[in-house]
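Participant: If you use my numbering, the sequence shown corresponds to residues 88 to 193, in order. From the three backbone atoms N, C-alpha and C, an ideal C-beta is built for every residue, glycine too.
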Amino acid sequence: MSGGAEMPKPHDMGGEPNDEPIDQSDHQKMDWEMRVDALHQVLGQKGIRRTDEMRRAMESLETDLYRSLSYYERWTAALEILMVEKGFLTSEEIDNKVTQLAQGTD
Numbered sequence: 088m089s090g091g092a093e094m095p096k097p098h099d100m101g102g103e104p105n106d107e108p109i110d111q112s113d114h115q116k117m118d119w120e121m122r123v124d125a126l127h128q129v130l131g132q133k134g135i136r137r138t139d140e141m142r143r144a145m146e147s148l149e150t151d152l153y154r155s156l157s158y159y160e161r162w163t164a165a166l167e168i169l170m171v172e173k174g175f176l177t178s179e180e181i182d183n184k185v186t187q188l189a190q191g192t193d
């Protein structure tokens, strides 16, 4: 550090002025959110991802991106970061698959 106060990361909401209440109500998960949750659990059970790694990956997202993503979108982004870092997939492979799915050509 350079001696100055470090700017808070986007996940650090403590002390941020905001009059909006936090919505803590339960909501029905969409199918893709349930799949992300299941993938997260399986990767944890297999020892492929750890909680501290997920947190670091989510906290590494750029502020604007972090704030624009939903809860499970952040998990998805973090899992992508970890899978690339660990050599399970490349960014190109992920991008190609996303393109195929978007075009309906998987």
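Using a threshold of 8 Å, state whether the C-beta atoms of A125 and M145 are closer than that.
Facilitator: No, the pair does not count as a contact, with Cβ atoms beyond the cut-off.
Participant: Given this structure, state the Cα-to-Cα distance separating G134 from L188, to the nearest angstrom.
Facilitator: Between G134 and L188, the C-alpha separation is close to 28 Å.
Participant: Quick check: R161 and L148, are their CB atoms within less than 8 Å of each other?
Facilitator: Cβ distance < 8 Å, so R161 and L148 count as in contact.
Participant: My output table needs one value for K184: the three-state DSSP class, helix, strand or coil.
Facilitator: In this structure, K184 counts as helix in the three-state DSSP scheme.
Participant: Do you know how far the Cα of T138 is from the Cα of E167?
Facilitator: Roughly 14 Å between the two C-alpha positions.
Participant: Any idea if R142 is buried or exposed, counting beta-carbon neighbours within 10 angstroms, 16 or more meaning buried?
Facilitator: It counts as exposed.
Participant: Taking I168 as part of the alpha helix (DSSP H), name the residues at either end of that continuous run.
Facilitator: Its alpha helix (DSSP H) spans residues 158 to 172.
Participant: Taking only the alpha-carbon atoms, compute the straight-line gap between R136 and G174 and give it to the nearest angstrom.
Facilitator: Cα to Cα, R136 sits roughly 12 Å from G174.
Participant: Using the Cα positions of Q190 and D182, report the straight-line distance between them to the nearest angstrom.
Facilitator: Near 12 Å, if we compare the C-alpha coordinates of D182 and Q190.
Participant: S157: which of V129, T186, D106, W119 sits nearest, CA to CA?
Facilitator: Nearest option by C-alpha distance: W119.
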